[in-house]
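Engineer: Quick one: this structure, given as structure tokens, is what I'll be asking you about.
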Amino acid sequence: MNTKELLVKAVHYNIYEHNKFNKELKRELDTLALTLTDYSKLKNLLEVSNTIKTTENTHYLDNILEYLLSKNTYKLENILRLNTPLKVKKTFFLKSSTKEKLNFLKDKKIKDELLLIVNAALSTDYNFTKAFLKSSFSIEGTITPALPFLDNTTLTNEPIIKTFDKELTTKLVNKYLFNFNDFQEYYLKNTWITKYLASYRLCLKNISDTNFKDFIKENPYLLIYLDPNLSTKYLSSETISSILKSHSSKSLEIVCKELLASKDSTLAKEYFTLDFLKKVSPYSLSLYPFHYLDNCLTSKIIYNYDYLKKFNFNCIYLIISKYYHEEEIIDLLRNKEFTEDVPGPILEKILSLVSFKQAFNMLQNKTILEKVSNLEVKLKLIDKIFITGYLDSPTLVSKTNYETLKNMFYLVDHNTFKDYLKYPYIHNKLRIVDILDIFISHNENIFYCLDYLDNIKFNKDELTYYINASWRRYGINYSLVFQPEVFDNCFKYRLANLSKEDRKNIKYLFDTIYTKGQALIECSTIDLDAFKSVVISYKLLGLSKTLELFNRGNHSVSLNKVLKLRRNELEILSKKETKEYNFKIKEALNELKTTTLEDIDKTEYLHDILKDMDTYNYSKYANSILLIEETKNKKDKNAKIYLNNLFNNYKEYHNNYICSNINYHFNEIILSNYKIKDNIKYRYQKETGKEFLSDCKLKILMNTLTSSNLEDYQKYYKDIDINELMNTFTTYLSKYPFNIDVIINDLLYPYALNNKSIKECLEHVGINCPEYALNYFITKQETLRINKINQELNKVFKHLPVPKRISILNHICYNYNLDFSLSTDISKYIEDLRTEIINFNGKVDVSKTTNNLVYTNLYTFDNIDELDNYYNYLMMVEKLAHKAKIFANKYIIDSETKALYREEYTKVLESTPLNLELNTHNYYLVKRNLTLDDFKHIFYNMDILDYEEATPQLYNFLLKNIPYFIDGYYNCFLNSFKDIILNWNSLSSIKDLNLLKAVKHLESN
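For the sequence shown, the positions run 1 to 1005 when the numbering used here is used.
The following block contains the structure:
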């Protein structure tokens, strides 16, 4: 086979069969490479390659030439002076050492193709870049080192800067001198830098309006380089106009007029004219004030390329996307001048604005094709007929964005998708996830197609994604999961270890669990983790025991045991959290002794504790700081006592909060598994409905009293004359020290129909709430409550000796330990009292004379008479509203009230929470089977192993504990049964083993 035939064969193989050479082809290419020992043979190879080179195969032919040349050692000079493809030259230059590169470049003019090669090295090779910039070379054109390779000292080296591309220099300035003050200081010493900056690209930050304005006035030519958005933001029209009038530079005039036109409609019409545009250099304007111009002038500018090209290419793209139709875009793309000048990325964005058909046609233009590298176009169903022609071209595919390519495969039919995806030039362009998405969209089994996908090896995440997405979309397909690749990669287990009988049983189990879960709307999970968990259960327990576990579900759960578990969880979690938090409070008190007010926010513990007090609604942060200030200044002799109480009581308060929070979350778990019995629910809803109807009847009564026609409301009342009834009610109201109209219109009506509080109603009639009223009322309520508690305790203490009585009172007030036991009910009652008293605003102590609790008010009220008077009004209106409800309930018909407020009545019944005691009298267990989610939870993070069949003891342990586990009662200390199963041999010897003992044993080991 001659050289030409071999190259043709290799190119075809790379494009249509495999991206790597097979053994035979590799051997033939290696043999050819061995013959390329001298300059003439190398030259002959390149001449032969040029005879077969086409647009479609250039990329692949270059790769083959690169492979052949890599087999021998050639002088860099020989490779670069031959007619070697540019890609190959770049590769060899990049592979050469820095010394070789510099020696080759010595005494050469760096221009044209050599400049491209050097720039490729400058963008990737740090060491070469540093050495190159220190050397002196003859450069025709501009160089573009990678920005990260350049430090800020480069900005003071004009000989180097003048060789840079202007965009690069501007990026360098923006990187190191983005702060306005830094740039200002630098510029005053290096004014030459503007010669090497790109127009409108300079971006500065941290700008002071006045300083910026003065600086630009002194250095107006910087406007040419500044981002115009900065100029328009920080400079007024007057400032820009003054610069325009005081300087005659053409370039500065254009910039000023452009800026002014974008800020002011009048100036836009004055400056932004066709004559103005004629003076502008091509591709320089970055603002367009078309919203200020009439449609006629706008059309003349944007549809005439002589004017359009005055804008920079980003601006041109924005104009095209806003004003052009597809036909006009196509006409512009046929403009040779435009296509030769436009940068590739902008060209791609413009092509994305047209249909796929038109983009396809435009890519036949060689200039456009060469500039495009990552084309993204929107596809429609109608484009389906053009897709195969597009996919036939390796060059077009190589220049297409992978999302667009993927979307093409979504549109083509089943056979076309398989025919094209096998080509390396196509599937190598796509990401693995794209290939998987394509297979999923066509409901195709990827494992049947691996032979033409270069035998791609999918990893665990990719296989999991593919199977989960396929199952979610099309349902369970066992041919996807019973594959060696899946078991090897995802399960780390050999599929061959499962017999046909095993596979049949696993399918049956998975189908049964999934189907039952779907039917009961308990679980819709179908994924690889769920399948794996069923396989583990089958391997560990076998078919019959897994089915038994599944069918028993949570049926054996006992509410009494659940409540016991709640106590266990409360003990475990609260002990841990309160221990840590009590330490923080102790440290906070230590910090309090040595910390000044100004430094509280710098403390490690004190600041956080005070913030927590605020967060948990115990004490406002500002109030706590004020109390600390009073203590430190000794303004109030009681402040120190209050401060100690603040922290000591907070410890108890926070501990109770933690316990309450743990209880709340555990109760939420219980209530997700238990439901209120229908008869109990009906009874409580009836009470709720009765209270709501009472409020509604009061509304009807108030509407009746304020109506001009009482007869309209007669139907709501029992068989009694409504006029007589209203007279009876108003006669009753006359006993109160208010005008009857005031009582009805200003007190009861707003209270009943506008949801106003009694306090708001009193304010409406001029009775305002005095200062400190809330604290006063709380004090009164707490005083009354202590009196009631003493009465209750007298009954409790009836048969107790005085010393025990005093001990219990000390326990309630000061949390002293009891040295004797009490009954469960009495203990609970005592603890509830202790918790209640902790949260009192006043101070509660033990009286040694009366052997009772005594209440001390911590506030001093100077307006007692005013407070008492307001309190009496409050109680009076409350009593008035209560009596009005009694009257309405007595005379207004239930059925008519329900009919009038049907929607609200139903909503209240459904939304009102029923806080009933958790017991089997009120609640019933919602029984269910195990779901796939449960199996995933039970065997979470376990591997499929060749388990020995579970012993009866292990199975019974699982059977006993799994029901509580799946309902969430072990969440605080167990996330799966993995460790218990794997360590069963050591656990099984523990006496009276339960789950908590097992967990503690595993934690200790």
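Just so it is clear, CB atoms sit at the ideal spot from N, CA and C, and this is done for glycine as well.
Quick caveat: nothing in here was measured; it's all calculated off a predicted structure.
Pull up the distance between the alpha-carbon of Y682 and that of L698, whole angstroms please.
Structural biologist: Y682 and L698: Cα-Cα distance of roughly 24 Å.
Engineer: Indicate the three-state DSSP secondary structure (helix, strand or coil) for F92 in the structure shown.
Structural biologist: Of the three classes helix, strand and coil, the one that applies to F92 here is helix, per DSSP.
Engineer: For S138, which of helix, strand or coil comes out of DSSP?
Structural biologist: In this structure, S138 counts as strand in the three-state DSSP scheme.
Engineer: Tell me, please, whether the region 669-686 touches the region 920-931 by the rule of three or more beta-carbon pairs shorter than 8 Å.
Structural biologist: Yes, since at least three Cβ pairs between the region 669-686 and the region 920-931 fall closer than 8 Å, the two stretches touch.
Engineer: Is C449 closer than 8 Å to L570 when the C-beta atoms are compared?
Structural biologist: The answer is no: Cβ separation not under 8 Å.
Engineer: Taking the C-alpha atoms as reference points, what is the distance between Y514 and L932?
Structural biologist: Roughly 6 Å separates the two Cα atoms.
Engineer: Rounded to whole angstroms, how far is the Cβ of I789 from the Cβ of L874, which I believe are closer than 8 Å?
Structural biologist: Not really, about 24 Å apart at Cβ, beyond 8 Å.
Engineer: Would you list the residues sitting across from K205 in a DSSP beta bridge?
Structural biologist: K205 pairs with N179.
Engineer: Can you tell me which of the three DSSP states K378 falls into?
Structural biologist: Of the three classes helix, strand and coil, the one that applies to K378 here is coil, per DSSP.
Engineer: Quick one: is T483 buried, meaning 16 or more other Cβ sit within 10 Å of its Cβ, or exposed?
Structural biologist: Note that residue 483 is Gln in the sequence shown, not Thr. Classification of Q483: buried, given that the 10 Å Cβ count is 16 or more.
Engineer: Could you give the C-beta distance for K109 and E140, rounded to a whole number, given that I count them as a contact under 8 Å?
Structural biologist: That pair is a contact at about 6 Å.
Engineer: Could you say which of Y303, N312, E340 lies nearest to E326 if we only look at CA atoms?
Structural biologist: Checked all of Y303, N312, E340; the closest Cα to E326 is Y303.
Engineer: Does the beta-carbon of N794 have 16 or more other beta-carbons within 10 angstroms, so that it is buried, or is it exposed?
Structural biologist: So N794 ends up on the exposed side.
Engineer: Starting from the Cα of L32, find the closest Cα among V796, L45, V433 and give me that residue.
Structural biologist: Minimum Cα distance to L32 is reached at L45.
Engineer: Please report the distance separating the alpha-carbon of P343 from that of R431.
Structural biologist: Straight-line Cα distance between these residues: approximately 27 Å.
Engineer: Going by other Cβ atoms of all chains shown within 10 Å of its Cβ, with 16 needed for buried, is I52 buried or exposed?
Structural biologist: Exposed.
Engineer: A120 to S237, Cα distance in whole Å?
Structural biologist: Each residue's Cα considered, the two are about 45 Å apart.
Engineer: Under 8 Å, do P178 and K213 count as touching if we go by C-beta distance?
Structural biologist: A quick correction: the sequence has Phe, not Pro, at residue 178. It is not a contact, given that the beta carbons lie outside the stated cut-off.
Engineer: Quick check on L102 - is its C-beta less than 8 Å from some C-beta in chain C?
Structural biologist: Note that chain C does not occur in the displayed structure, where there is just one protein chain.
Engineer: Of all the options T194, L391, F887, V377, which has the alpha carbon lying nearest to the alpha carbon of E403?
Structural biologist: Measuring from the Cα of E403, the nearest candidate turns out to be V377.
Engineer: What are the start and end residues of the alpha helix (DSSP H) that includes Y323?
Structural biologist: Element bounds for Y323: 313-323.
Engineer: Since Y855 is in the beta strand (DSSP E), which residue starts that stretch and which ends it?
Structural biologist: Per DSSP, Y855 belongs to the beta strand (DSSP E) from 853-856.
Engineer: Just confirm the distance between the C-beta atoms of Y221 and L252, as a whole number of angstroms; I'd bet it's less than 8 Å.
Structural biologist: With a Cβ gap of about 6 Å, Y221 and L252 count as contacting.
Engineer: Quick one: Cα of K620 to Cα of L626, how far?
Structural biologist: Going by the C-alpha atoms only, they are around 10 Å apart.
Engineer: Considering D419, what are the terminal residues of the beta strand (DSSP E) in which it resides?
Structural biologist: Premise fails: D419 lies in the alpha helix (DSSP H), 414-421, not in any beta strand (DSSP E).
Engineer: According to DSSP, is T55 helix, strand or coil?
Structural biologist: The answer is coil: DSSP assigns T55 none of H, G, I, E or B.
Engineer: May I have a chain-ordered list of the alpha helix (DSSP H) segments no shorter than 4 residues that lie completely inside the region 484-568?
Structural biologist: Listed in chain order, they are 500-519, 528-552.
Engineer: Given a threshold of 16 other Cβ atoms within 10 Å of its Cβ, counted over all protein chains shown, does A752 qualify as buried or as exposed?
Structural biologist: Under this definition A752 is a buried residue.
Engineer: Terminal residues of the continuous alpha helix (DSSP H) containing Y474?
Structural biologist: Taken as a continuous stretch (DSSP letters only), the alpha helix (DSSP H) holding Y474 covers 460-474.
Engineer: Between the region 60-74 and the region 11-27, can you find at least three pairs of beta-carbon atoms closer than 8 Å?
Structural biologist: With the cut-off at 8 Å, the region 11-27 and the region 60-74 touch.
Engineer: For P159, which option in I143, N401, L147, V433 has the closest C-alpha, if you only look at C-alpha atoms?
Structural biologist: It is I143.
Engineer: For F939, which option in T615, F777, V535, I744 has the closest C-alpha, if you only look at C-alpha atoms?
Structural biologist: Checking every option, the nearest Cα to that of F939 belongs to V535.
Engineer: My output table needs one value for F164: the three-state DSSP class, helix, strand or coil.
Structural biologist: Strand at F164.
Engineer: What does the Cβ neighbour count give for L818, buried or exposed, with the cut at 16 atoms within 10 Å?
Structural biologist: Classification of L818: exposed, given that the 10 Å Cβ count is below 16.
Engineer: Out of curiosity, what's the CA-to-CA distance linking S136 and F409?
Structural biologist: Roughly 53 Å separates the two Cα atoms.
Engineer: Is the separation between the beta-carbon of L332 and that of K371 shorter than 8 Å?
Structural biologist: No; because the gap between Cβ atoms is not below 8 Å, this pair is not in contact.
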